[in-house]
Structure formats: C-alpha cells, structure tokens
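For the sequence shown, full-length UniProt numbering assigns the number 1 to the initial residue and increments by one for each residue that follows.
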Amino acid sequence: MPSACDSLLDDIEDMVTSHDPTPHERQFARRNIVPRPRKHQLQPAGEELQTDSVIPGTQKVWVRTWGCSHNSSDGEYMAGQLAASGYKITENPSDADLWLLNSCTVKNPAEDHFRNSIKKAQEQNKKVVVAGCVPQAQPRTEYLKDLSIIGVNCVCVCVCVCVAGHSVRLLGQKKEKGKRLGGARLDLPKIRKNPLIEIISINTGCLNACTYCKTKHARGDLASYPIEELVERARQSFQEGICEIWLTSEDTGAYGRDIGTDLPSLLWELVKEIPEGAMLRLGMTNPPYILEHLEEMVRILQHPRVYGFLHVPVQSASDSVLMDMKREYCCADFRRVTDFLQERVPGITIATDIICGFPGETEEDFEQTMELVRQYRFPSLFINQFYPRPGTPAAKMEQVPAHVKKQRTKELSALFHSYKPYDHKIGERQRVLVTEDSFDSQHYVAHNKFYEQVLVPKKPELKGKMVEVDIYEAGKHYMKGRPVEDARVFTPSIAQPLQKGQVSGLPQCFRFCKCNMTCFFSSAHGHFIPFSLA
1 MPSACDSLLD DIEDMVTSHD PTPHERQFAR RNIVPRPRKH QLQPAGEELQ TDSVIPGTQK
61 VWVRTWGCSH NSSDGEYMAG QLAASGYKIT ENPSDADLWL LNSCTVKNPA EDHFRNSIKK
121 AQEQNKKVVV AGCVPQAQPR TEYLKDLSII GVNCVCVCVC VCVAGHSVRL LGQKKEKGKR
181 LGGARLDLPK IRKNPLIEII SINTGCLNAC TYCKTKHARG DLASYPIEEL VERARQSFQE
241 GICEIWLTSE DTGAYGRDIG TDLPSLLWEL VKEIPEGAML RLGMTNPPYI LEHLEEMVRI
301 LQHPRVYGFL HVPVQSASDS VLMDMKREYC CADFRRVTDF LQERVPGITI ATDIICGFPG
361 ETEEDFEQTM ELVRQYRFPS LFINQFYPRP GTPAAKMEQV PAHVKKQRTK ELSALFHSYK
421 PYDHKIGERQ RVLVTEDSFD SQHYVAHNKF YEQVLVPKKP ELKGKMVEVD IYEAGKHYMK
481 GRPVEDARVF TPSIAQPLQK GQVSGLPQCF RFCKCNMTCF FSSAHGHFIP FSLA
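Encoded structure:
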C-alpha cells in the first residue's frame, strides 16, 4: 500500500519554520566559520560515561499500557518495532532508560494513573514518550507539555519518535486517496504480552457519538481494515504458534460499513484459517449493528472454533438515559439481541457494561437497570461509576451527586455478587483451551466453549493445549477443572510458539538504514526518508 506514514512527516512539529535560514544563507555562513580546537577530557577510571544517547542498542525501554485490548495491541506493536530496531524491552521500569506510556481516556482513574506515571518518570529522570488516546484527544494538556507524543494512528513510526533528541508530536490521520485508513499496519512486528494470544484490531473508530465518550475524540470515525489483510494477519499469527485470536475494536459490529462489507463476511473467512483446537473470540459490539446480522451470528457462534461469547454493552435499561447518552438503541433492542442468542446458542455467555449515575438518571431509571440484571443474571458484568470526561457533552449536563453515584454502584455490585453463575456446572466434563497463568500464579487459566474461566493444574504440558477436564469446584468468576486421564489432547499450534518477549516476523516494508536508525524506509518511494530527528 502507498506509505501512509509519508503523510506523517507533515505532523512533525517545528522541523522547518519561516524563520529558518535559506540554503544560500547557510552556504554563506559556512565561509565565516572559524574552527576551534576542542579540549578533550579523559574519563576518570571507574566512572561510567554519561550520555543522552537514544540510539538503539544502548537503551532499555519500558512499555506500559492501560485500557482496552485495542490499546494492548497497539502497545504490542510499539514494543515489537522498538525491539526489532535494537532497543531492549524490559519489564522493570527502574531498569529502563525510556518509559513509553500508552494511555486510556475512557475513565478518570485510568488517566490519573497515566499522569502519575509521567510524574514518577520525570522524578526519576527517565525519558518519557506518551501514546494512546489521552494525548491524541487532548495534546495541549498542561502535564503533556514538552513531551513527545505517538498518536493512535502513528504507531508505525514510534521508533522515530523514541529516537528523537527533542520533543516530537505525531498526531495525524493516515489517508489514502482522501479516505481515512485504520490505525497500526497489520504487518508490523510485535511482542505479544501472551505468546499464545494474538489481538487483531479489525477497525478503528466507530459510527456513534455517545455523549459520555472521550475515546471518539481520539479514535474518530469508523475505518475498517480490508478482509484480506486481516486474514493474512491471522494466518501469520498461527504460523508463529498462537492458539487463540481476539478480534477487537471500538465496535466490532460496525465492521466493514465503510468499505462495503460486514462482520459475518469477515468471520467466515477467518474461521477457514483456524486450526483444530484453536479458538477465536469476538470483541465488543453495540446492539444496533449486531441486530442486522443475528441469524448469521448464531451460525458463527455455533462454530466449534469460535467462542460462544459476545460482549454487548447495554449501559442502562432506561430508554430515557439511553437517549441522553445518544446510544441509538432502546432497551428492547438489547433484550431482543440477548433473547435471540440465548435461545439459539444454548449456554452462550453475554457480557455487558452498565454506567451508574449518568447525568439525569433517576431512581426509577436505576431500578430498571437493576431489574434487567435480576432477570438476566449476567455472568460477566462491568460496572462503571460515571465520570464526566473533559470536552464531552455529558460533562456539561447536570450531574448526579457523587454520593448517589457511589451508592448506586455499590447496590448494583451487591446484586451482581449475590448470584453464582457456575454452581450448576459442577460435575460437567468440558473441553478447555489453556492459555494463561492465573493471577495468583498457582494455576493455569483455560476457557471452555463459552469463554468461561476454568482453572487447571499448573502443569507445563497443558499450556497451549485443548484438554478435557471434569469440573469439581465453582466460584463467582471461575470454575476448577481436573484433567481427564487418557483423554485426547489437542495441540492447536501449527508451529512452536514464540518465547515471551520474542518479536514476531519483521516484514520488508519495515527496515531502517544504518545512520543511527533515524531514517524510515518508504515502500512508496523505494528509499530511506531521513527524519532528521537525532
């Protein structure tokens, strides 16, 4: 594809201004330069040479990501490019020379953590580069002053920003023939946080304009990746030993509307690439767009290599509140989606989100939401106290008192924890795919067909395998399974998985010259383009 990164050169601030000398003036000035001998001082024995070098091969980088799986994928791409260019990616922030902080703007606490990390890095004299939705949406924020920024559409040139000797801000959008393109290139190298799981962003942005959403300011309108690029990314990932794919975006249900296709068309092409024993998980979709494809989605969710799982955020059961949110659906639409899928995909997991205390929410509105949860008893429920985000319409609305928001959040949380969704599954025999370590490091985490969490013994031979287990215990968020002796074990990976921290494939379009890694190879021009940033 024509180098979308070429247009990003226009976004490099302060490279050339009208006050800079002309080439003629520079040439004349050279005649008046008198060379001076420089006094060299020997470095005292035993002292470490102090340098401000940001040249790859001499620096360690700590990459920290907050937020959604889309953001996690961007972080993996940035880590992969830096490692492929000679940087050492470290998991120890104290050991790092540079902190790359990849932010989330959904809620105030996430931004608070991001801001505090910047302050901490500066107190420790670390170099800081920021990325993600916060600086993209509000780059002029005071605490971001003088920091280098990698915009959400500029992930492909993160190395050029990190190697710069001064502040660089890349915030532009990628376009081709006047049409907006998606975010990071899908053929970039990456370091997966989990070598067994590939996160693929199928589109960026969305078609909605929710009044509370700050992410829209950062990710913008819908821009979908072509089906063939997504299929190729999946194919390459399986060749690198992964056994599970997560499809993610701000709204997967809207996929393809900007390029003349749709989500089911993409999914049917992807399932052709999934080897036996591997699985695909579909990400969040809003109710309006999935309604059009319910029959087709049933068939896809019944596929043995697709998890019977769907994340459909309702946010509120009050139509009045949904209207103020500009969610473009009513609660009846959400119920229709949920009822249809539960009837035709028995056992399906429907996960949802709820915002407590949105501006104007009355006690009656909140009670409708409570009743929805009582009826459906969602096994996975993300409860969020409303936080007004700067620059959003909802921030200007009359707010629900803080103590009321906290009380409603507490009541809904108590309702959620009052029921146990998995007790009736004790005694079942299930097939599960083992992919992760548990938080307590005492078990491996596996998931069954409905993406329900099953803890299994921490035996290395189970990792990355699909095995049969007998369920013998259940908690609020998990079950525990005992592997069945002599049962068939599937090895879904068609290749040996990469080691943790290992960089995935390095494509030809991603090459650097030898001048301290400060030039980027343009596929469109066929040569290296100097960024002149060092």
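Note that beta-carbon positions come from the ideal geometry of N, C-alpha and C, so glycine has one too.
Distance between beta carbons of residue j and residue i, contact taken as under 8 Å
i	j	result
glutamate 381	phenylalanine 416	Inspection of the sequence shows that residue 381 is occupied by leucine rather than by glutamate. Yes, they are in contact, since the Cβ atoms of leucine 381 and phenylalanine 416 sit about 5 Å apart, within 8 Å.
glycine 183	valine 155	6 Å
valine 434	valine 456	6 Å
isoleucine 471	glycine 481	5 Å
isoleucine 200	glutamate 244	No, isoleucine 200 and glutamate 244 are not in contact; Cβ-Cβ is about 11 Å, not under 8 Å.
arginine 257	leucine 207	7 Å
residue 552	proline 195	Nothing can be reported for residue 552, as the shown portion of the chain is limited to 1 through 534.
serine 318	aspartate 365	4 Å
proline 226	isoleucine 274	The Cβ separation is near 19 Å, so there is no contact.
glutamine 407	glycine 241	That belief does not hold up - the Cβ atoms of glutamine 407 and glycine 241 are roughly 49 Å apart, past 8 Å.
For residue j and residue i, the rounded distance between their alpha carbons
i	j	result
valine 503	glycine 464	19 Å
valine 467	proline 264	29 Å
alanine 223	arginine 305	27 Å
leucine 291	aspartate 333	8 Å
cysteine 331	glutamate 296	22 Å
glycine 132	arginine 488	43 Å
methionine 323	glycine 80	42 Å
valine 345	leucine 301	7 Å
alanine 446	glutamine 453	6 Å
asparagine 153	leucine 82	17 Å
proline 287	valine 314	8 Å
valine 271	methionine 279	9 Å
lysine 216	alanine 209	7 Å
histidine 166	proline 139	16 Å
valine 159	methionine 78	8 Å
methionine 284	alanine 351	9 Å
leucine 100	glutamate 343	46 Å
glutamate 485	leucine 372	42 Å
alanine 234	tryptophan 246	10 Å
leucine 42	glutamine 124	Because the pLDDT at leucine 42 is just 48, under 50, the model does not fix this residue reliably, and the value given afterwards should be weighed accordingly. Their backbone Cα atoms lie some 28 Å apart in a straight line.
serine 69	valine 168	26 Å
threonine 392	glycine 357	16 Å
alanine 137	lysine 190	25 Å
lysine 459	tyrosine 444	8 Å
cysteine 513	glutamate 232	Note that cysteine 513 scores 41 on pLDDT, short of 50, meaning its location in the model is unreliable; the coordinates nonetheless yield the value given after this. Cα to Cα, cysteine 513 sits roughly 27 Å from glutamate 232.
Closest Cα partner of residue i within the set the options
i	options	result
cysteine 162	Pro304, Tyr472, Leu147 and Tyr376	Leu147
alanine 84	Glu428, Lys60 and Gly241	Lys60
tyrosine 451	Glu428, Leu462 and Tyr478	Tyr478
glutamate 91	Tyr444, Asp423, Val484 and Val63	Val63
arginine 115	Glu142, Asp95 and Pro93	Glu142
leucine 462	Lys476, Lys272, Val432 and Lys193	Val432
glutamate 228	Val373, Ile202, Glu328 and Val454	Ile202
isoleucine 348	Phe358, Tyr422 and Leu267	Tyr422
histidine 403	Lys326, Pro460 and Gln385	Gln385
proline 359	Phe378, Leu270 and Ala395	Ala395
asparagine 102	Lys120, Glu76, Ala96 and Lys119	Glu76
threonine 65	Pro388, Thr105 and Pro393	Thr105
glutamate 269	Gly241, Glu240, His424 and His303	His303
lysine 420	Pro388, Val469, Gln430 and Pro379	Pro379
proline 492	Gly86, Gln239 and Ile89	Gln239
alanine 218	Ile118, Arg192 and Arg389	Arg389
alanine 254	Glu232, His293 and Leu230	His293
glutamate 411	His443, Tyr444 and Ile354	Ile354
leucine 171	Leu230, Val134, Phe490 and Arg192	Val134
residue 535	Ala96, Leu266 and Glu232	Outside the displayed range of the chain (1 to 534) lies residue 535, so it cannot be described from this structure.
Cβ of residue i within 8 Å of any chain B Cβ
i	result
histidine 113	In the structure shown, chain B does not exist; there is a single protein chain.
Opening and closing residue of the alpha helix (DSSP H) in which residue i lies
i	result
glycine 371	Residue identity check: residue 371 is glutamate in the sequence provided, not glycine. Taken as a continuous stretch (DSSP letters only), the alpha helix (DSSP H) holding glutamate 371 covers 363-376.
histidine 217	215-219
histidine 403	402-416
alanine 84	69-84
serine 201	Careful: serine 201 lies outside any alpha helix (DSSP H), inside the beta strand (DSSP E) at 197-201.
The beta strand (DSSP E) enclosing residue i, as first and last residue numbers
i	result
lysine 127	127-132
proline 483	479-483
glutamine 385	380-385
aspartate 258	No beta strand (DSSP E) contains aspartate 258, which DSSP labels as neither H nor E.
threonine 65	60-65
valine 467	466-474
glutamine 453	453-457
cysteine 356	349-356
asparagine 102	98-103
glutamate 244	244-248
residue 608	One cannot answer for residue 608 here, as it falls past the ends of the chain, which runs 1 to 534.
arginine 281	279-282
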